[in-house]
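Chains as they are written, first to last, in my numbering: chain A, 1 to 553; chain B, 1001 to 1535.
Okay, structure first, notes after.
Right, dumping it as structure tokens:
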């Protein structure tokens, strides 16, 4: 018997989970599928929201990246999906759900091949080839809008923003918000289009359509000391002094200590301290500032000093807001008042403190060099506004991209179907296994229109047949047929019904989905170490070092 | 969440703590969400209207509050369920934006969800329902604007404002004194309102409560009331033609902010130091006196030595006045806040007709009243009442009334209450529903039913037969083409709300319908709930 008892060779730590081979790939694919299923129902204009509770916080969202992030996926292969959704979010800001779905569908199509014994690398090669062709076609199909007039371009941007907002909570007010978003992006410097310069402020209360755009900066009233209410709250063309300086009566150095030898010196020290702060305040007033903003606190003494001289001040302005004020008003943030001159002051057309909901807001409007904009969002509940903010963020990103790239394709699944048609056609012309694989790729692309139709409660099989038929007719006419969620027939020309998306979004989605699929297909072994904190969990609970109860006798 | 198994029977662990998470999908998710939200709305529905009942809420610390205010009730209920929390926020945002109608908005949302549930059972896609609600909401809002009336807020000694305040106060525990309280609220708001900009800064109205006395003793002080007394019992209790010196520095030798220590090497130095300190006190009092001030209010404290000196110099003083009070006093008396004694000048003093100490009842508590201020920008409403609970509720009620008046100053359009506006909208929406050819028609019709739910609920709370009275009111509205017919809650014999003078602001009604629709739409869009299992 002993010859059967081979000594086991322990290579890895006990508890390590290893799985290998084909089964591993199939298992990974299944895991990815499970995750993609969660976000599937959020796609398209009839997509639903998810409510996820993590601890005391509740998030209601339609945004693929946000949902995946909150799911706390731990499966290593499934995490790849979370990562591509995030990269899509960072890169283009929208299309996160479709990227995830596409990756999962590509894997699903690859599963039978793997099970039949085709080497994963061949599948990967085929997918890469198909991607190359798809991207080429995508460029070919896309419509350039750069040459059109400014008005046309604006229209296009509006359409793209509306498409992005279609699936969100704001869908019913998309015209209102697309206008808001496009106006905000237009305010930015067209060469840089820095996203950070569009501020979004949330104020609960009011209807969503009470949201408004400030062509400048808006921020909530900061913490104020007594005397603040005596300051003027409205200026026209004010001189705005921006500081990163504490204006408070306090010790100059933390660790300094003064030894006072004679009682008479006492007063002089007190006076010296007062002189320091008064000197600073005086310089600011002399320079002619009318509004003083500081990142650091402005104390009660300074507040009252400014109030006496009809100057408005706000301390503890956040970094982002101060930066935006700087950009909008053309001022410069000073870290000292020495050598303060009026040239470093910014200005704006109108400064006002107004009531928005339950809060008071400081508004800087009509800025001369306005390269920044602020959207003040209103809405019924905290979660509503947060979701609205995410949606607007998507729309802003899309418009930004569109601004730069100038190329669009029609949405609603039209472009996917068109590429799919082309790939099927191409597949017939190649020999070898690649034929099957390119065909599968083409089939996988159909997941987008199919899911949109399913989510809208339409008969997806019927719709897909209609769409395939339209596209198969070829030519310009059938090219842009996509899913129509409102009409009776279920299909329509999405280009002429203005469901437009920037080419870049689709391009990035195709690339990252294919890459993710290939990455998962090429993994044939997972070595998962046991969690290092498992050891600590095994220990009996209670105070460390205390002997277990049974030992005390 | 259910576990998935791979081909070898091993479970997948895809999500962290997968076994402890619960997931609800599809119809199950909608229904659970709707039921949770409805439960909240049902709790509130009995508080609606002039005969609405109060709720008694006991906090974890045993504090009891009795209230009729929707926002306060839902806030103190400490709701855990995530969907139900949405309704809490709904009520609070109505509170923040409008201040009144916090119960109505939740009840309306509850009625809408109830209707949505039946529609879901019919198999209508939830987004179709929310589309329909959205369209119906637009129609209702437009109709509200057409039936609204502009009122002249100045006419007849602000009679319209007082009536509106009375409507807001009608449902509260203080309703018996609604006329008096309404007047107080109107005067308070008008005192601080900037009528040119149509802006009212509510921070300038201070509401002070004091138990004892009765609600009738509530009064408006065109000045400020602070919960402090004179620093020395022998100081005069009243100062006429007060010149107030507002100080934000203590009556004590100034301390450098930098860390310091004084080395005293001889007894003479010590004496010198003592004398110097004495001198400081004398100088300070002198500086204040010299400026012509006859009362000093100090944000900080001062020790007995200074107190004694002040008494000797016949300078009444108050210590530990809070920062917000200092600011209010400054606004009202035109004073400038003075950060150190060297800067006291006669121009910086505030002027008031009188500053006097008042005593309440037999208790030894005293408060300081500053009246007839130079520029009355800030006012105080002193609320009295038999018990803490009454006083607290009265405070909330007056806050509601103040908000209503503020809204009328901003936008002087009104609609009539008593459920008449909702009924009129319901009729309009119902008409519109028949013009819609798609599935949304059902949702729009249900929206009208939900709107009718409000007068229904009102009638129910008043002990009337809800169905009969709503049906009567509705038919009369149609027959007479009069959108002002509502529910006669007070049984005054007329259902015309114009005659009953039940005014509500247009902005409040609009906001109610919009906010409720918005939140319902949001709840209907959720088809998947992932939460820890124990929820």
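Cβ coordinates follow ideal geometry from the N, Cα and C atoms, glycine included.
If we define contact as Cβ-Cβ less than 8 angstroms, is residue i a contact residue for chain A?
i               : result
residue 1125(B) : yes
residue 1365(B) : no
residue 1000(B) : Since the displayed chain B opens at 1001 and closes at 1535, residue 1000(B) lies outside it and no answer follows.
residue 1337(B) : yes
residue 1223(B) : no
residue 1263(B) : yes
residue 1529(B) : yes
residue 1254(B) : yes
residue 1331(B) : yes
residue 1413(B) : no
residue 1291(B) : no
Between residue i and chain B, is the shortest Cβ-Cβ distance under 8 angstroms, so that the two count as touching?
i              : result
residue 205(A) : yes
residue 355(A) : yes
residue 274(A) : yes
residue 225(A) : yes
residue 46(A)  : yes
residue 41(A)  : yes
residue 186(A) : no
residue 72(A)  : yes
residue 172(A) : yes
residue 380(A) : yes
residue 75(A)  : yes
residue 64(A)  : no
residue 457(A) : yes
residue 260(A) : yes
State the start and end residues of the unbroken beta strand (DSSP E) segment that holds residue i.
i               : result
residue 51(A)   : 49-54
residue 183(A)  : Careful: residue 183(A) lies outside any beta strand (DSSP E), inside the alpha helix (DSSP H) at 174-187.
residue 1420(B) : Unbroken run through residue 1420(B) is the alpha helix (DSSP H), 1420-1433; no beta strand (DSSP E).
residue 355(A)  : 350-356
residue 1024(B) : 1021-1025
What three-state label does DSSP hand residue i in the structure shown?
i               : result
residue 76(A)   : helix
residue 1104(B) : helix
residue 247(A)  : strand
residue 1267(B) : helix
residue 1063(B) : coil
residue 1439(B) : coil
residue 1447(B) : helix
residue 1056(B) : strand
If you measure between the beta carbons of residue i and residue j, is that distance less than 8 angstroms?
i               : j               : result
residue 392(A)  : residue 181(A)  : yes
residue 1052(B) : residue 1102(B) : no
residue 221(A)  : residue 312(A)  : no
residue 153(A)  : residue 371(A)  : no
residue 1113(B) : residue 1369(B) : no
residue 427(A)  : residue 435(A)  : yes
residue 1064(B) : residue 1056(B) : yes
residue 1548(B) : residue 1225(B) : In the structure as shown, chain B begins at 1001 and stops at 1535. Residue 1548(B) is therefore absent and cannot be evaluated.
residue 508(A)  : residue 88(A)   : yes
residue 292(A)  : residue 306(A)  : yes
residue 208(A)  : residue 379(A)  : yes
residue 1419(B) : residue 1455(B) : yes
Which residue comes first and which comes last in the alpha helix (DSSP H) that contains residue i?
i              : result
residue 274(A) : 265-286
residue 468(A) : 460-472
residue 575(A) : Residue 575(A) lies beyond the residue range present for chain A, which begins at 1 and ends at 553; the question has no answer from this structure.
residue 294(A) : Residue 294(A) -> not in any alpha helix (DSSP H); beta strand (DSSP E) instead, spanning 291-294.
Assuming residue i contacts residue j (C-beta within less than 8 angstroms), just tell me the rounded distance between them.
i               : j               : result
residue 1108(B) : residue 1030(B) : With a Cβ gap of about 19 angstroms, residue 1108(B) and residue 1030(B) do not count as contacting.
residue 151(A)  : residue 1339(B) : Residue 151(A) to residue 1339(B), Cβ: 58 angstroms. No contact.
residue 74(A)   : residue 35(A)   : The Cβ separation is near 11 angstroms, so there is no contact.
residue 1349(B) : residue 1329(B) : That pair is no contact at about 12 angstroms.
residue 503(A)  : residue 399(A)  : At roughly 14 angstroms, the Cβ-Cβ gap does not stay under 8 angstroms, so residue 503(A) and residue 399(A) are not in contact.
residue 71(A)   : residue 38(A)   : 7 angstroms
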